[in-house]
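All the letters of the sequence shown, read from the start, carry residue numbers 3 to 271 under the numbering used here.
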Amino acid sequence: MKPVRVIILAVAVASAGLAGLLALKLTSGKTVISTAEPVIEREPTVNVLVASKGLPVGSRLSPDAVHWLSWPKDGVVEGLITEELRPNAVTDLQGVVVRLPMFNGEPVRQEKIADSSSRIMSSLLPAGKRAVATEITVATGAGGFILPNDRVDVIMVRKNDENFLTETVLSNVRVLAIDQQVEEKEDGTKSVVGTTATLELTPDQSKVMTVAQQMAERLSLVLRSVADAQEPDTIAADHLLSGDGRPSIQVIKSGSIVKGDGNSSMGQK
Numbered sequence: 003m004k005p006v007r008v009i010i011l012a013v014a015v016a017s018a019g020l021a022g023l024l025a026l027k028l029t030s031g032k033t034v035i036s037t038a039e040p041v042i043e044r045e046p047t048v049n050v051l052v053a054s055k056g057l058p059v060g061s062r063l064s065p066d067a068v069h070w071l072s073w074p075k076d077g078v079v080e081g082l083i084t085e086e087l088r089p090n091a092v093t094d095l096q097g098v099v100v101r102l103p104m105f106n107g108e109p110v111r112q113e114k115i116a117d118s119s120s121r122i123m124s125s126l127l128p129a130g131k132r133a134v135a136t137e138i139t140v141a142t143g144a145g146g147f148i149l150p151n152d153r154v155d156v157i158m159v160r161k162n163d164e165n166f167l168t169e170t171v172l173s174n175v176r177v178l179a180i181d182q183q184v185e186e187k188e189d190g191t192k193s194v195v196g197t198t199a200t201l202e203l204t205p206d207q208s209k210v211m212t213v214a215q216q217m218a219e220r221l222s223l224v225l226r227s228v229a230d231a232q233e234p235d236t237i238a239a240d241h242l243l244s245g246d247g248r249p250s251i252q253v254i255k256s257g258s259i260v261k262g263d264g265n266s267s268m269g270q271k
């Protein structure tokens, strides 16, 4: 074989070997893939006291009625009860009265509870309000469907000679409580019937209600829709009162209307 061919063959073999070695090094190199999980910053949380079940108005808190729940720290507003500030709240609040209804999982707010004294009704009353009771029946109490925290109108019915006059004396007032008793029917079944409704009134409304109870042949509570809850609740028939708090009565004598002093036995508003 000629020397030139030998040289060419040697160069070709060397080149092929070099290329193979290079390819082997490239394919044998390990590709490093990062398996590290992305770092997620968790928002700081605090434990907030929440209701473990639905709590109606007038119920009392117990250890099984509330529990601690993790809550975003930025979402904590004034009024919420945190474990950081009140670590013994579950036991300290045992027996506390619920002033406004709470649902399962809802934070227990200071505004929705009252002290655990024996004066339950006074605990339910907001500052400046009064509790006034009035007798009701199934007929005058919306068929027994009125419940605590409902809103009602109070309608007065009174007789004037041969006619009956009706008038709304209170509007959209809140029912604090319904006194209930068990009534046994002829077939042996029992039902719960309210006999007295306690209303949340302003001092002036309390006076109007007292006068209406004396003047009325009948007082009826008319159930309002929950959609009306934001309407004014301080409206009252103030014209039933004179300046000294006594009912102002118009007395008809000989065809003329004379304003009386509230002590007349016949008259018309």
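For every residue, glycine included, the Cβ atom is placed at its ideal position computed from N, Cα and C.
Excluding five sequence neighbours on each side, which residues of the same chain lie with their C-beta closer than 8 Å to the C-beta of Val159?
Phe166, Leu167, Thr168, Ala218, Glu219, Arg220, Leu221, Ser222
Where Thr47 falls: helix, strand or coil (DSSP)
strand
Rounded to the nearest angstrom, what separates Pro40 and Pro46 at their Cα positions?
18 Å
When DSSP labels each residue in this structure, what does Thr170 get in the three-state scheme?
strand
Mapping DSSP to helix, strand and coil, what is Ile10?
helix
Would you mind reading off the limits of the beta strand (DSSP E) that contains Pro150?
Careful: Pro150 lies outside any beta strand (DSSP E) and carries neither H nor E.
What residues in its chain sit with their C-beta under 7 Å from that of Val154, if we drop five residues either side in the sequence?
Ile148, Val175, Val177, Leu223, Val224, Leu225, Arg226
Where do the N-terminal and C-terminal ends of the beta strand (DSSP E) with Val92 fall, by residue?
No beta strand (DSSP E) holds Val92; the alpha helix (DSSP H) holding it covers 91-94.
May I ask you to report which of helix, strand or coil DSSP gives Glu85?
coil
Proximity to Leu201 [Cα-Cα], best of Arg44, Ile9, Val79, Leu172
Leu172
Is it the case that the region 72-86 contacts the region 101-108, given that we only count it when at least three CB pairs across the two stretches are under 8 Å?
no
Using a Cβ-Cβ cut-off of 6 Å (strictly less than) and excluding sequence neighbours within five positions of Thr204, which residues of its own chain qualify?
Thr236
Heavy atom of the ligand FMN less than 6 Å from the Cβ of Asn174, yes or no?
Although the ligand FMN was asked about, the structure shown includes no ligands whatsoever.
Using DSSP with H/G/I as helix, E/B as strand and the rest coil, what is Asp181?
strand
Could you give the distance in angstroms between the alpha-carbon of Thr142 and the alpha-carbon of Thr136?
11 Å
Return helix, strand or coil for Val59, following the three-state DSSP convention.
coil
Could you please give the first and the last residue of the uninterrupted beta strand (DSSP E) stretch that includes Val68?
68-74
Who are Ile157's beta bridge partners in DSSP?
Thr170, Ser222
If we ignore side chains and look at the alpha-carbon of each, how far apart do Ile115 and Met123 end up?
12 Å
Check whether the Cβ atoms of Glu86 and Val140 sit closer than 7 Å, and answer yes or no.
no
Name the one or two DSSP bridge partners that Thr198 has.
Glu137, Asp181
Per-residue burial, Leu95 [other beta carbons within 10 Å of its own, 16 or more giving buried]:
buried
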